[in-house]
């Protein structure tokens, strides 16, 4: 476009570069419809009990499969005295999990159970359009 600042590059080249970068990221991350649906499925079906051993302790993180580790959003090691009066510093693992409700909503939309509905009232638009046409006619008659 004439007069548009491009920072020394050809007009439109940024769009081509953005498209190329996006394509590379999609290829490298293997972001596909099936991988996206798989992520939603994992969000729906994860069971926290699979992360625990028979004693109720969390299994070592390096032993978790990708599917078992998927719902973990983050971990934090906290050093504190968990039992008052014993004088011992305990190492406590805090685990933060991904919220489940976004996966449920996405799955419901994917299956057609939820539909985004946009209700547009034509009467409002029509009245505004009529008013704009009238104003334009009045301006044109004044100029003439």
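Residue numbers (my numbering): -13 to 130. All C-beta atoms in this analysis are idealised placements derived from N, C-alpha and C, irrespective of residue type, glycine included.
Problem - Residue range of the unbroken beta strand (DSSP E) whose run includes residue 79 - result: 76 to 83
Exercise for the section: Please look up how many angstroms separate the CB atoms of residue 61 and residue 80, rounded, as I've assumed it's under 8 Å. Expected result: 7 Å
Handout entry: Those residues which DSSP pairs with residue 65 across a bridge
Key = 77
Exercise for the section: Decide if the region 22 to 38 is in contact with the region 47 to 62; the criterion is three or more beta carbon pairs, one per stretch, under 8 Å apart. Expected result: yes
Handout entry: 8 Å contact criterion, which residue 93 and residue 19 should meet: CB distance rounded
Key = Contact doesn't hold; Cβ gap of about 14 Å is too wide.
Handout entry: Integer Cβ distance of residue 37 from residue 50, believed to fall under 8 Å
Key = 7 Å
Handout entry: Proximity below 9 Å, CB of residue 91 to CB of residue 97
Key = no
Practice task
Using the Cα positions of residue 114 and residue 122, report the straight-line distance between them to the nearest angstrom.
Solution key: 12 Å
Practice task
Could you give the DSSP three-state label for residue 120: helix, strand or coil?
Solution key: helix
Problem - Complete beta strand (DSSP E) runs within the region 26 to 51 (minimum length 3 residues, chain order) - result: none
Problem - Whole-angstrom distance between residue 2 and residue -13, CA atom to CA atom - result: In this prediction, residue -13 scores a pLDDT of 48, lower than 50, which makes its location untrustworthy; the coordinate-derived value is nonetheless stated afterwards. Cα to Cα, residue -13 sits roughly 16 Å from residue 2.
Practice task
Please confirm whether any heavy atom of the ligand COA lies closer than 8 Å to the CB of residue 123.
Solution key: No copy of the ligand COA occurs in the structure displayed, which carries no ligand at all.
Handout entry: Beta-carbon gap between residue 28 and residue 53 smaller than 9 Å
Key = yes
Handout entry: 6 Å Cβ shell around residue 118 - same chain, five flanking residues per side excluded
Key = none
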